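Those letters in the sequence shown? Residues -8 to 411, by the working numbering.
C-beta: ideal position from N, C-alpha, C; glycine also.
Remember, it's a predicted structure, so these values are computed and weren't measured experimentally.
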Amino acid sequence: MVEVGLSGGLDSVVLLHMLRQLRERLSLTVTAVHVHHGLQEQADEWAVFCEELCQKWDIPLRIEYVTVETKGRGIEAAAREQRYQVFSRSKANRVALAHHRDDQVETFMLGVLRGGGLRSLSAMPELRLLDGKVCLWRPLLSFDREELKAYARAYNLAFIEDPSNQDSSLLRNWLRHHGLPLWRERIPNIDKHIGSSVACLQDELAVLQEVVAEDADRMLHEEVLDLDLWRYLSPARRRQQLLYFAAKQGLGTPTAISVSAFEETLSRIGSGSAEWALPKGKAYAYRNRLFGMRDDWLSENAWGLDNKICGRLNDILTNNGFTLQHNSFGLSEEMLRQVGMIRVVNTDDSLNLTVGRKSVWKILQECRVPPFLRPYWPIVTDSENRCIAIANIWVSVHDGVAGGSLPVFKKFNRFVLEPK
């Protein structure tokens, strides 16, 4: 199945028409997706246009409404990120985008003007895996804008014009309407030359990515980076590994200055602690390990938002991402049928051990749970709000039995550096 990113403009309408023409010959299932950004007055009209076009061509369409928040970034980058989030939710194995050769040239030049590195100058690949699930496919990169216009005329295709494309205050539009025409006058084959450069750079990027992935195989386990091994790399490879780590954790793309500064910090602190602020979260160095946490992780786990989830223990645990793992000592089936609560730890919580009681906070310290996560660690209580289990770690001796169940939140196993 192929889903076409359909804006309603010339490029995407041509691509949708091409795939429609080929679907029977290639046994393709073709669908479309329109992202409604709400940035233009005509946004509703564009959605209607796409809806009517897809009805006419008998192509299933989904329309996704998004809110674009810049958060210190440019409006183009923020809108693109929203589109890619929509694409990542596609049920198709490929999402086809209508970028063409002129777009590729513009993207390369933007990378040059903004001081981009190898990734930026490699511009847009024909195929790119998005979030490990959906493949972005750009089948029109070998065609230029004039060829797409000729195709649209030949088939009498209707499309919409986005007035913002004429706004030369945006750097891409200035390049399109003013900068590149001058260069093309002076160097008629500039598009071809840039295309050759991009192809070479993409090959070099592929080699770099292979090396980085091989390094990661040795030192990145269960999303935790071993900083002892990382320090054996050259500074350049250390920086590449930090970029790879941030990408794998979904923490966003840091600036080159930020990467260099954190690489220097990690290189000199030994087993000390450090924190790295990233666009979508933070990375934390603790005991020669690097952990990543996205900003949205708390909102994904109801118990982490200072909520108290009450109910039958077996139900509330299994309904909130916990598994009940058979353990040498754990909660009995009878206890799991009782009413209780999941919540984050309080500083005055304690747990019954074989001898006496111990502060839950102290137990988390002994298990080397990173300090940044201790305030959010989930515990299980009885109906009187008394701690009977620390998730992933231990169960109260007064409330457990041999061969019982330990509540485990699997994503947190990596944070228990010294299990009980």
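- Excluding sequence positions up to five before and after S113, its CB lies within less than 6 Å of the CB of L192, Q193, L196, all in the same chain and listed in chain order.
- Assignment of beta-bridge partners to Y277 by DSSP yields R280.
- Under the Cβ criterion (8 Å, minimum of three pairs), the region 394 to 406 counts as touching the region 309 to 318.
- Following the DSSP letters along the chain, one finds P226 inside the alpha helix (DSSP H) bounded by residues 226 to 239.
- The residue among A190, R259, P245 with its C-alpha nearest the C-alpha of Y223 is R259.
- Using a Cβ-Cβ distance cut-off of 8 Å, the region 21 to 31 and the region 52 to 63 are in contact, since at least three pairs of beta carbons, one from each stretch, lie closer than that value.
- Taking C-beta separations shorter than 7 Å and ignoring five residues to either side along the sequence, the partners of P361 in its chain run Y275, Y277, F282, F406, following chain order.
- In this structure, the CA atom of H8 is about 30 Å from the CA atom of H169.
- Shown here for V96: same chain residues with a beta carbon closer than 6 Å to its own, the five before and five after excluded, namely D182, I185 in chain order.
- Distance from the Cα of F363 is smallest, within the candidate group I333, W267, E201, for W267.
- Between L322 and S374, the C-beta gap is not smaller than 8 Å, which leaves the two residues out of contact.
- Three or more beta-carbon pairs drawn from the region 295 to 309 and the region 329 to 343 are found closer than 8 Å, and the two stretches are therefore classed as touching.
- Closest in alpha carbon position to M100, among V39, V189, G65, is V189.
- Per DSSP, E(-6) is one residue of the beta strand (DSSP E) stretching across -7 to -4.
- Counting the other CB atoms within 10 Å of its CB gives I384 a total of 16 or more, which places it among the buried residues.
- Pairing S155 with L121 gives a Cβ-Cβ distance that is not under 8 Å.
- The DSSP-derived three-state label of V346 is coil.
- In its chain, beyond the 5 residues on either side, S79 have a beta carbon closer than 8 Å to the beta carbon of K124.
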